[in-house]
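Just so it is clear: in the sequence shown, position 123 is 122 by numbering that gives the first Met the number 0, and no numbers are missing.
Cβ coordinates follow ideal geometry from the N, Cα and C atoms, glycine included.
Quantities reported herein were computed from a predicted structural model and do not represent experimental measurements.
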Amino acid sequence: MSIRLQRAWQCARTIRQFSTSQRLFRLPVDNDIPPPPPPPDTGYVKLQNRVLLELSGEDATNFLQGLVMQDVIPTTSESRNPQRMYYTAMLNTRGRIQWDLFIYRFIKSSLGPDKQPMQEIAYYLEADRLELPALKTQISKRRLSSKIRWKEIKSQNLAVYAAWNKPTSEVWKAQTWTPPRKNFEVDEFGLGMTFVDPRGPHFGYRIVGVPSQVEEVMGKQALPLHYQIRRYECGIPEGAMEVFHDGSMPMETNFDATGGVSFTKGCYVGQELTHRTYHSGVIRKRILPVLLQEETDSTPYTNDRPIYDPTKPLVMPTTGSKLHIANTLAGRKAGQFIRSVGNVGLGLCYLTTMTDINLVGVENKYDPNRYVIAHDSQAVATTKKITAFVPPWLRNYIEAEEAAKINPLQGNVRRIGSGRVEDGPRDSL
C-alpha cells in the first residue's frame, strides 16, 4: 500500500530556521505581596537568579573574543592585572541580544599535561539562571576545535553579590559617565573579586566570592527587591526578564553608553548590524526608568527622577504590554513596558515620543501635556499612566552622539573615543 505524503515538496526559500519576532517572558504577577520599604543607602544582596559558568583552556580568550561584544584580549599593561571584569552580551547572527553577561577574568591554578602545577587565564561567565541551559548549548555548538573546558559553579561554593554605598540620588546627580575601560579589582570591602558596576555612575559594585566569607564580612543583607528597585530607579535592565531574548539591539539596552560593546575590535557574532546601526543608523528606542501612576491620578509629579513610594502599591502590567499615547487617534505607539516594583519600573521607550530628546532626521512628537498609558489587553484593570525619565549622564551621552552625526570631524573623534582605549600593544595569544 502506498503512503500519500501530506506535502510533496517545499520551496527552500520558505524554510526559516529562526523566529522573526522577539520572545517575551510573561511573568506571573503576585500583587498580594506587600510593597517593601525603600532601599537603604548602603547595602548588599546575594543575586540568587545569577549563576557562574567557568570557562578555561588555552583557547578560552580567543573563543570569547569571537562571541561577545567586548574586547577581551588584554593589552600588555592589562596582563599585569589578571583580575578584571567585563560587562557585555552575546548576540545572535541578526545582531539581537541573546544573553547579557558579566565576565570575570582570573588566574586559575591547575595541573598541566605533565602533571606539573601550572597557571592559566580563566573566566567566570555570569548569566541569568533561566538562560544557563541555552548558554551551555551555544558554547558547545560553537566550540568546534577550540581547546576549552567549561563547568557550572555551584552557588554554595561561589556566588555573585551586588553591593552599594550611595543612594540612587547620587546616580542622578552625575552629568557624565565614563565606564571603566579597565575594570580591575577594587579593595572597597576587603574582599577579593570586587569590581565597579559600569552600568551607571555611583551605582555600586559586583562581588564574586565564597558565600560564607562574603556574608561574614558584609553582615546583614538587604532585600532582593531593594536591588531591583535601585536598578529601576536608575534605568538598568538585567537578565532574561528585562533584556528581551532575541529581541533587543545592544544600543536599545544602552550597552554603548555603559561600555558593554567595543566598536574597534575585530569580528564577532552579530557585529555587522551592531556596527552599521551605531555608525549610520538611528537608535529610536532605549530602555529608560519609568514612573507608574493610576490613570485617574491627576496629582502632578514634581520630581525630576522616578522615586519609589511604598505607599502606592500598583498592579503591574504584563511584561511586553504596549505603551500608547493616551487620547490620540489609534493610540500612537510609544514603546513597550518591561517590569516594575510598585510605582517604578523599566520601559523600552521611543525617545522622540516619550522624552524631549531630539534625534537627527526624526521629528520629535513629545508633548508633556499628553500622557502615555500601558494597557494590558489581558487585564483592563492594569492600564497605567507611564512617565519616562532620562538620567542626566545618559542624556548627555545621547546628545553628544547626535551632535557627532552632524559634525563629521567631531563624529570621528567621538566614535573612536567611545571604543576600546588602547594603551599599548596586545599580548599574543
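CA-to-CA distance, residue 212 to residue 191, given in whole angstroms: 10 Å
Beta-carbon proximity of residue 248 to residue 94, cut-off 8 Å: yes
Supposed contact pair residue 357 and residue 400 - C-beta distance, whole angstroms, cut 8 Å: So it is not a contact: roughly 12 Å between Cβ atoms.
Cβ-Cβ distance between residue 209 and residue 128 below 8 Å: no
Residue 135 to residue 217 span [Cα, whole Å]: 32 Å
CB contact flag (residue 162, residue 203, <8 Å): yes
Burial state of residue 168, where buried means 16 or more other Cβ atoms lie within 10 Å: exposed
For residue 117, the residue or residues it bridges with in DSSP: 109
Cβ-based burial, residue 368 [other Cβ within 10 Å; buried from 16]: exposed
Proximity below 8 Å, CB of residue 252 to CB of residue 242: yes
Under the three-state DSSP convention, the category residue 392 falls into: helix
Same chain, Cβ closer than 6 Å to residue 126, five either side skipped, listed in chain order: 98, 100 and 134
Backbone secondary structure at residue 263 - three-state DSSP: coil
For residue 435, the first and last residue of its enclosing alpha helix (DSSP H): What is shown of the chain runs 0 to 428, which leaves residue 435 out entirely.
Closest by C-alpha distance to residue 122, when choosing among 61, 144, 155 and 180: 61
Those runs of the beta strand (DSSP E) which lie wholly inside the region 45-106 and span at least 3 residues: 49-55 and 83-90
Spatial distance of residue 68 from residue 260 (CA atoms): 5 Å
Contacts around residue 152, its chain only, beta-carbon distance under 6 Å, and the 5 residues preceding and following it disregarded: 51 and 53
Spatial distance of residue 351 from residue 282 (CA atoms): 11 Å
Residue 219 burial status per 10 Å Cβ neighbour count (16 or more: buried): exposed
C-alpha gap between residue 46 and residue 160, whole angstroms: 6 Å
Environment of residue 275 [buried if 16+ CB atoms lie within 10 Å]: exposed
Straight-line Cα distance separating residue 297 from residue 182: 45 Å
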